[in-house]
Amino acid sequence: MIYIGKKNTLKAIRNTSVGIFLGDDEGNEVLLPNKYVPKTLGAQESIEVFVYKDSEDRIVATTLEPFLQVDEFALLRVNEVATFGVFMDWGMEKDLLVPFKEQAEKMYEGKEYVVYMYLDNETQRLVGTTRMNKILNNESVDFEVGEAVQMMVYENTQLGYFVILEGKHKGLIYHNEVYKPIMPGDILSGYIKKIKENKEIDISLQKIGFDHVSDQTDTVINYLKANNGFLQLTDNSTPEQIAAKLHISKKTFKKSIGMLYRQRLVRIEPEGVYLVEQL
């Protein structure tokens, strides 16, 4: 089987004037145009290619590297706004179409958006969409509170950042829990903070509970070691000042300093925190 929108490992079957036909074990073939044929490719040798429809609506193979494959998400830039949609740069010669009906918001030339690519079964064409609510589903989530997850940020809203969890679920990071700059398209590690009755999922970028505070003591120690043993922060420092230096909340900062103080690893002075030299 040759899969459109995916990488396929195929064998060189026969030469023609326009390129080499590649085939699978079931007798299916696809053309690899001459401009993509490696000089070292011999008969019956295998090659990994990406298969899609070109600008002439032919199913072809290419050695170009796509930014995403079918059923995947990626941050793409709008190359052109047309009368029926926008065309996105996704690493191929033929841009990816996101029709107007597949746009969650109006899209503008030169701007970047997180896009999901799917195969239209009727036309066998690859199509993009930014309507994540129809793609992401939280009905069958199998997460536990505190579980580590991988995510992609796809939208910044007044409430917070919406993220794609494990490629198929939707989560939210509230603005007041973000202590470093993040943007749509960023790939992050985080933790399940809460799963609500309506299946909405809250995400934390830090570990939950004691484990989080324990981790952040390392953050403080590393900062002190990198800055001549001094951290110019106190109980009177603003949350913004703390976030700018350590990328943690004021609450976590105070807990971390308290833990380090009890371990006699730091001393607290009016002007800031000092690393205690170990004998």
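Residue numbering for the sequence shown follows this note's numbering, beginning at 2 and increasing consecutively. We put the beta carbon where it would ideally sit given N, CA and C, even for glycine. Treat the numbers as computed from the prediction; the structure is a model and nothing was measured.
Next item on the list: Assuming F254 contacts L247 (C-beta within less than 8 Å), just tell me the rounded distance between them.
Entry: Mapped onto the sequence shown, residue 254 falls at position 253. Mapped onto the sequence shown, residue 247 falls at position 246. Indeed they touch by this definition, with Cβ atoms about 6 Å apart.
Checklist line | Contacting residues, own chain, Cβ-Cβ under 6 Å from Y180 (five flanking each side not counted) | finding: Within the sequence shown, residue 180 is the residue found at index 179, counting from 1. Cβ within range, chain order: A244, H248, I249.
Item checked: Contiguous beta strand (DSSP E) assignments of at least 3 residues, all confined to the stretch 244-271 -> 267-270
Checklist line | Proximity to L232 [Cα-Cα], best of I258, K208, E241 | finding: The sequence position of residue 232 within the sequence shown is 231, counting from 1. Looking at the Cα atoms, I258 is the closest of the given residues.
Check: Helix, strand or coil: which one does DSSP assign to Y117?
Finding: Position 116 of the sequence shown, counted from the first residue, corresponds to residue 117. Correct three-state label for Y117: strand.
Note to self: Tell me the rounded alpha-carbon separation between T130 and N139.
What the structure shows: Translated into the one-based positions of the sequence shown, residue 130 becomes position 129. Translated into the one-based positions of the sequence shown, residue 139 becomes position 138. Looking at the two C-alpha atoms, the distance is approximately 19 Å.
Check: So, using beta-carbon positions, are G20 and P34 closer together than 9 Å?
Finding: Indexing the sequence shown from 1 puts residue 20 at position 19. Indexing the sequence shown from 1 puts residue 34 at position 33. Their beta carbons are under 9 Å apart, which means G20 touches P34 by this criterion.
Checklist line | Contiguous beta strand (DSSP E) assignments of at least 3 residues, all confined to the stretch 106-170 | finding: 113-121, 126-130, 149-157, 161-166
Notebook entry, point to check: From S47 to F22, what does the alpha carbon distance come to, in whole angstroms?
Noted result: Position 46 of the sequence shown holds residue 47. Position 21 of the sequence shown holds residue 22. Straight-line Cα distance between these residues: approximately 12 Å.
Checklist line | Touching by the beta-carbon criterion (3+ pairs, under 8 Å), the stretch 140-156 and the stretch 189-198 | finding: yes
Check: Ends of the beta strand (DSSP E) at D96?
Finding: Residue numbering aside, residue 96 sits at position 95 when the sequence shown is read from its first letter. Here D96 belongs to no beta strand (DSSP E), and DSSP marks it neither H nor E.
Next item on the list: Could you check the C-alpha separation between Q207 and I3 for me, to the nearest Å?
Entry: Locating residue 207 in the sequence shown gives position 206, where the first residue counts as 1. Locating residue 3 in the sequence shown gives position 2, where the first residue counts as 1. Straight-line Cα distance between these residues: approximately 42 Å.
Check: Apart from the five residues just before and just after E30, which ones in its own chain have a Cβ nearer than 7 Å to its Cβ?
Finding: As a position in the sequence shown, residue 30 is number 29, starting the count at 1. The answer, listed in chain order, is I14, F22, L23, G24.
Check: Among K102, D26, E94, which one has its Cα closest to the Cα of F68?
Finding: Within the sequence shown, the letter at position 67 stands for residue 68. It is E94 whose Cα lies nearest to the Cα of F68.
Margin query: For E272 and E278, I'd like the C-alpha separation in whole angstroms.
Written below: The sequence position of residue 272 within the sequence shown is 271, counting from 1. The sequence position of residue 278 within the sequence shown is 277, counting from 1. Taking the straight line from one Cα to the other gives about 18 Å.
Check: Taking the DSSP output, what are the residues bridged to M89?
Finding: Against the sequence shown, residue 89 aligns to sequence position 88. Answer is V79, L97, bridged to M89.
Checklist line | For G191, the first and last residue of its enclosing beta strand (DSSP E) | finding: What you label residue 191 is simply residue 190 of the sequence shown in a count that begins at 1. Start and end: 188-196.
Notebook entry, point to check: Who are the near neighbours of L280 in its chain, counting only those whose CB is closer than 8 Å to its CB and skipping five residues on each side?
Noted result: Against the sequence shown, residue 280 aligns to sequence position 279. Low per-residue confidence applies at L280: pLDDT is 38, beneath 50, and the placement is therefore not dependable, though the value from the model is reported in the following sentence. Contacts found: none.
Next item on the list: Take L65 as the anchor and find which of A83, W91, Y119, E113 has the nearest alpha-carbon.
Entry: Position 64 of the sequence shown, counted from the start, is the residue given in the question as residue 65. With distances taken between Cα atoms, L65 lies closest to W91.
Checklist line | Status (buried if at least 16 other CB within 10 Å, exposed otherwise) for E103 | finding: Taking the first residue of the sequence shown as 1, we reach residue 103 at position 102. With 16 or more Cβ atoms within 10 Å of its Cβ, E103 is classed as buried.
Checklist line | Residues sharing a beta bridge with E57, DSSP | finding: Here residue 57 refers to the residue found at position 56 when the sequence shown is read from its first residue. Looking at the DSSP assignment, E57 forms no beta bridge with any residue, so it has no partner.
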